[in-house]
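Note that the sequence shown covers residues 795 to 1160 in the working numbering.
A short write-up of the structure that comes next.
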Amino acid sequence: MIGASVRVLGIETSCDETAASVVSRNGSGNPSILSSSVLSQISEHAAFGGVVPEIAARAHVEALDGIIEAALRDAETRLEDLDAIAVSTGPGLIGGLIVGLMTAKAMAAALAKPLLLINHLEGHALTGRLTDDLPFPYLLLLLSGGHTQLISVQGLGQYRRLGTTIDDAIGEAFDKTAKLLGLPYPGGPNVERAALSGDPTRFSFPQPLKGQDRLDFSFSGLKTAVRQTAGSLAPLSDQDVSDICASFQATAAAALTERTERALNRFLQTHPDLADPVLVAAGGVASNKLIRSELTACCERNGVRFVAPPLPLCTDNAAMIAWAGLERFEAGLIDAEAMDAAPRSRWPLDPDSDPLTGSGKRGAKA
Ligand code: KG4
Ligand code: ZN
């Protein structure tokens, strides 16, 4: 494809990362990330063991202008070079979303450029097209602090949610397990580290929804089992903590893989003629080595290619928002009422999906 190049600024403030990025597609059709600035607020929330919405909103107000300036500078892009502004408009914490949307509206109005309202989940869903040039359709497994979803990505703006969590998100389960064992926030990486010297067979925790013919997830029972075990052993030795972490991680990984394998089978049945079926994993928990290796093995068993975007694009960032905006801009999917829109704390990607708890929700991880 030969055409004019397109350049979009993306803004992301839906949780605890303040991020801005410039993404372009050149005249030959190749996408590139010209810049990606991400400021994590982890240190501001660590003392509370989770994201505190009011602290997050204030931190976004303080940081966003500087982050946008840095993204434009790194991309060697002037404001007038931009074709459009894309902003993460939900789901997420409402205070942060307001900061991002108001800033994007002000920029779009001052520059007389189109404003694109992006669903944060669509950003995750389309990242595989930015990094790996994936054609539609493919299956997405989103594993983050706020979401655990299996989504069939069928086309731009066409998403079918096959499964979601009915209670806690997987990242939340890791974070809560860490907190209850006295490990620092964010819990996931610390649980993984402690599990390295633990025995995954010492405790047999119940595998949530095991064997049920549904594609949803549940992690609150697992969290309760961890709490009861920790309580019965207190005071915990370092070895106890490691063994609980290893047993928890093994159960969580097995539950994720069982459900994903079921979803893959259903996806393959729905699309029997796909030459190169793909599973994309995204979200911070997708960096967990055990989960990654079990998902890789699951894909190999089923003749499916496993794609995991590089970590900075797997976790929250603005390049994915800019990219989703670029795809929508090129397709002419521009909302004429965007300047009047309000942010949406809940915004399921698949409007036809059942309104289960946890669907399209993204809130405090504590
Ligand atoms: O996608 P993400 O960066 O952000 C949001 O959810 O906004 O995911 C963060 C989540 C946290 O719950 C964190 O504990 C978890 O991902 N996480 C991990 C690992 N690294 C991050 N969980 C398990 N193992 C890891 N290595
Ligand atoms: Zn996210």
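Glycine residues also receive a C-beta, built at the ideal position from the N, C-alpha and C atoms.
- Secondary structure at L990: coil, using DSSP grouped into helix, strand and coil.
- For L858, the closest alpha carbon among the candidates S808, S826, D875 is that of S808.
- Proximity to the ligand ZN was defined by a C-beta distance below 5 Å to any of its heavy atoms, and the residues meeting it, in sequence along the chain, are S938, D1110.
- Secondary-structure assignment with DSSP links N913 through a beta bridge to G884.
- Considered as a whole, the region 906-958 harbours 909-913, 932-937, 942-949, 952-958 as its complete beta strand (DSSP E) runs of no fewer than 3 residues, in chain order.
- Under the rule that a run must span 4 or more residues, the alpha helix (DSSP H) segments found entirely inside the region 1063-1103 read 1083-1095.
- Selection G889, I892, L866, E874 evaluated against P908 yields E874 as nearest (Cα-Cα).
- In the structure shown, P847 adopts helical secondary structure according to DSSP, grouped into three states.
- DSSP places I827 inside the beta strand (DSSP E), whose first and last residues are 825-834.
- Residue range 964-974 is occupied by the alpha helix (DSSP H) that includes G965.
- Proximity to S822 across K970, G843, A798 peaks at A798, based on C-alpha coordinates.
- Ranked by how close their Cα comes to the Cα of R801, the residues A989, T1045, T871, E811 have T871 in first place.
- The secondary-structure analysis by DSSP pairs T812 across a beta bridge with L833.
- In the DSSP annotation of this structure, I1128 is not part of any beta strand (DSSP E), being labelled neither H nor E.
- Using a Cβ distance threshold of 8 Å, G982 and G957 do not count as a contacting pair.
- By alpha-carbon distance to F930, the top candidate from S938, I945, G940 is I945.
- Taking every protein chain shown into account, the CB of P978 has fewer than 16 other CB atoms within 10 angstroms, so this residue is exposed.
- Annotated three-state conformation of F999 is coil, per DSSP.
- If you check the CB distance, F1123 and L933 do not come in under 8 Å.
- Shown here for P994: same chain residues with a beta carbon closer than 6 Å to its own, the five before and five after excluded, namely A1040, S1041, A1044 in chain order.
- At a cut-off of 7 Å, the beta-carbon of C809 counts as near the ligand KG4: some heavy atom of the ligand is closer than that.
- The DSSP-derived three-state label of R1008 is coil.
- Taking a C-beta distance under 8 Å as the contact criterion, E1055 and N1082 do not qualify as a contact pair.
- A direct Cα-Cα distance of roughly 54 Å separates G1025 from A902.
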